[in-house]
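S.K.:
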Amino acid sequence: MNSALSRSTSMLSAGAIALTLALPLPLSAQEAEAKIRPARLIEIAEIDPLTHINLPAVIEPAKEATLTLQVGGVLTELPVIEGQPVAEGDLIAQVDRTVLLNNVAQAQTQFENAELEFTRAESLLPQQAIAQSTYDQRKVQRDIAELSLQAAQKQLDDATLSAPFSGVISSLNVSQFQTVSPQTAVATLQSNDTFEAIAHLPARALQNPDQIDVQRTEIILDIAPLNPITAVFKSIDPQADPASQTFEVRFSFDAPSDFLVLPGMTGEVQADLLYTGNAASNFNVQVPLAAVQSAAGQTFVWIVDTDTMTVSRRDITVAEAIGASLPVVEGLEAGDTIVGAGASYLHEGQQIRRYED
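All letters in the sequence shown, in the order written, are residues -29 to -1, 1 to 328 by mature numbering (1 follows the signal peptide of the UniProt record, and there is no 0).
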């Protein structure tokens, strides 16, 4: 009997050991801690609909003109060279005016004679000493002679090309004593006291250019990164470029006195854009790109219960924008706490801990 009892006890002990081995061992404190993922948390706060942008820019002159001669002839005067500064009204080029001066002199003589004949006829008409038809003929002849004189004078004036504004001769296309045709482009004149920075704002940043109010603006040129230039918003193209899907934006600024600015220089436009109207409603809440997840075509974030430190999914609607954050149109409000980094490794109900730098 003792032998049977001993065998039963041995079998019971072996079964207990086997059962113990089959059950999962309790997690150590370190292992339990390891299951709680660290995550960077963000508390959603209301923000002003003010966005700071940095856009690549190219510098262009505020004014540029292709200077052309309206009449042809031999270029007898060409007192400018490329790169030369000129003032408004300065002589740029002039063709030989010998024939044109003669034409003006002849037209002047013809007009004076016609004017004299018309004046005589005008004095005789009240006395009926001249026929009405003769008077009318003298008047027409006087008017034609006057028009001919004006045309000859215009031809003479067009033989001289002057600077329409102060600037610098950026290119010269002719040489002195060259014979040129009418409408020949002689030179290109660019302003050198005022410039424009041309940037391109992505179309996704706005639906209507009228919904943007440009605030503080600075131009940072690559050649002078430590010398920001204050600029003023000038214009935005109301139509997006169909190829690049960008709006051309222009900012004007005066040439600085401490370094030289030339067309073609590159830099960056730094500006604060205040969204107004319907666009402003898209900027009540913004979240970093890393916080936004996507599954089956739906964007969402992980909402954190700060009491239990567990996460739950919440679908959101975002608007496209430029920068490192996205405006949330629907799904979040001020005061919500979300996972800002590490969101891609989480699942519903998972417990997390705040990641500290």
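Beta carbons: idealized from backbone N, C-alpha and C, even for Gly.
Where does Glu4 fall in DSSP's three states?
M.R.: For Glu4, the pLDDT reaches just 48, beneath the cut-off of 50, and the residue's location in the model is therefore unreliable, although a value from the coordinates is still provided. Here Glu4 sits in helix by DSSP.
S.K.: For Leu118, count neighbouring C-beta atoms within 10 Å of its own C-beta (all shown protein chains included) and say buried if the count is 16 or more, exposed if not.
M.R.: Exposed: under 16 other Cβ atoms inside 10 Å.
S.K.: If you check the beta carbons only, do Gly311 and Val258 fall under 9 angstroms apart?
M.R.: Yes, the pair counts as a contact, with Cβ atoms nearer than the cut-off.
S.K.: Across which residues does DSSP place Ala158 in a beta bridge pair?
M.R.: Answer is Leu38 and Leu143.
S.K.: Report the partner residues of Ile323 according to the DSSP bridge assignment.
M.R.: Paired residues: Arg8.
S.K.: Rounded to a whole number of angstroms, what is the C-alpha to C-alpha distance between Ala266 and Gly302?
M.R.: One C-alpha to the other measures close to 16 angstroms.
S.K.: Check Gln284 in the structure and name its three-state DSSP category.
M.R.: Before going on, a small fix: residue 284 reads as Arg here, not Gln. Looking at Arg284 - three-state DSSP - the assignment turns out to be strand.
S.K.: Using only the alpha-carbon positions, how far apart do Thr277 and Glu14 sit?
M.R.: Those two C-alpha atoms are separated by around 11 angstroms.
S.K.: Compute the Euclidean distance between the alpha carbons of Thr288 and Asp193, then round it to the nearest angstrom.
M.R.: Spanning the two alpha carbons is a distance of roughly 38 angstroms.
S.K.: If I follow the unbroken alpha helix (DSSP H) through Thr80, where does it start and stop?
M.R.: Thr80 -> alpha helix (DSSP H) spans Thr69 to Leu95.
S.K.: State the start and end residues of the unbroken beta strand (DSSP E) segment that holds Thr47.
M.R.: Counting along the chain, the beta strand (DSSP E) containing Thr47 begins and ends at Gly44 to Glu48.
S.K.: Would you mind sorting Gln216 into buried or exposed? The rule is 16 or more other CB atoms within 10 Å of its CB.
M.R.: Flag for Gln216 reads exposed.
S.K.: Any idea what DSSP makes of Gln216, helix, strand or coil?
M.R.: It is coil, neither helix nor strand.
S.K.: In the DSSP output, which residue or residues are listed as bridge partners for Gly238?
M.R.: DSSP, once it has assigned bridges, lists Ala28 and Leu192 as partnering Gly238.
S.K.: What separation, rounded to the nearest whole angstrom, lies between the Cα atoms of Gly238 and Val203?
M.R.: Rounded to whole angstroms, Gly238 to Val203 spans 16 angstroms at the Cα level.
S.K.: Going by alpha carbons, who is nearest to Ile323 out of Leu297, Pro298 and Ile274?
M.R.: The candidate whose alpha carbon is nearest that of Ile323 is Ile274.
S.K.: Could you tell me the alpha carbon to alpha carbon distance between Gln161 and Asp184, rounded to whole angstroms?
M.R.: In a straight line, the C-alpha of Gln161 is about 29 angstroms away from that of Asp184.
S.K.: Indicate the three-state DSSP secondary structure (helix, strand or coil) for Ala122 in the structure shown.
M.R.: Helix at Ala122.
S.K.: I'd like the span of the beta strand (DSSP E) that includes Ser206, first residue to last.
M.R.: Note, Ser206: beta strand (DSSP E), Val203 to Ile207.
S.K.: What is the DSSP secondary structure of Thr277, reduced to helix, strand or coil?
M.R.: Coil, per DSSP.
S.K.: Quick check: what's the CA-CA separation for Glu189 versus Leu71?
M.R.: Using only the alpha carbons, I get a separation of about 52 angstroms.
S.K.: Going by C-alpha distance, which of Pro227, Ile309 and Phe230 is nearest Gln264?
M.R.: When each option's Cα is compared against that of Gln264, the closest is Ile309.
S.K.: Could you pull out every residue in the same chain whose Cβ sits closer than 8 angstroms to the Cβ of Thr270, ignoring the five residues on either side in sequence?
M.R.: Cβ neighbours of Thr270 beyond the five flanking positions: Val263, Gln264, Asp286, Ile287, Thr288 and Val289.
S.K.: Where Leu38 and Pro97 are concerned, what is the direct C-alpha to C-alpha distance, given to the nearest angstrom?
M.R.: Approximately 53 angstroms, taken between the alpha carbons.
S.K.: Does the segment 48 to 57 come close enough to the segment 83 to 103 that 3 or more CB-CB pairs lie under 8 angstroms?
M.R.: The segment 83 to 103 is not in contact with the segment 48 to 57.
S.K.: For the beta strand (DSSP E) holding Gly311, just list the boundary residues, first then last.
M.R.: Counting along the chain, the beta strand (DSSP E) containing Gly311 begins and ends at Thr308 to Ala312.
S.K.: So for Gln149, helix, strand or coil by DSSP?
M.R.: In this structure, Gln149 counts as coil in the three-state DSSP scheme.
S.K.: State buried or exposed for Pro298, treating a residue as buried only when at least 16 other CB atoms are found within 10 Å of its CB.
M.R.: Per the 10 Å Cβ criterion, buried.
S.K.: If you measure between the beta carbons of Ile24 and Asp243, is that distance less than 9 angstroms?
M.R.: The answer is yes: Cβ separation under 9 angstroms.
S.K.: Does the Cβ of Ala(-12) have 16 or more other Cβ atoms within 10 Å, making it buried, or fewer, making it exposed?
M.R.: Confidence in Ala(-12) is poor, its pLDDT being 46 and thus under 50, which makes the residue's placement unreliable; the coordinate value appears in the next sentence. That one is exposed.
S.K.: Please classify Phe230: is it buried, with 16 or more other beta-carbons within 10 angstroms of its beta-carbon, or exposed?
M.R.: The residue is exposed, with fewer than 16 neighbouring Cβ atoms inside 10 Å.
S.K.: What's the C-alpha gap between Lys34 and Thr22?
M.R.: Taking the straight line from one Cα to the other gives about 30 angstroms.
S.K.: In the DSSP assignment, what are the bridge partners of Arg221?
M.R.: In the DSSP output, where bridge partners are listed per residue, Arg221 has Ile169 and Ser206.
S.K.: Assuming Glu59 contacts Phe136 under a Cβ cut-off of 8 angstroms, what Cβ separation, rounded to an integer in Å, is found between them?
M.R.: About 5 angstroms; that satisfies the 8 angstroms criterion.
S.K.: Name the DSSP bridge partner or partners of residue 329?
M.R.: The question about residue 329 has no answer, for the chain in this structure spans -29 to 328.
S.K.: Among residues of its own chain, excluding the 5 on either side of Gln55, which ones have a beta-carbon nearer than 8 angstroms to its beta-carbon?
M.R.: Excluding positions up to five away in sequence, the list reads Val139 and Ile140.
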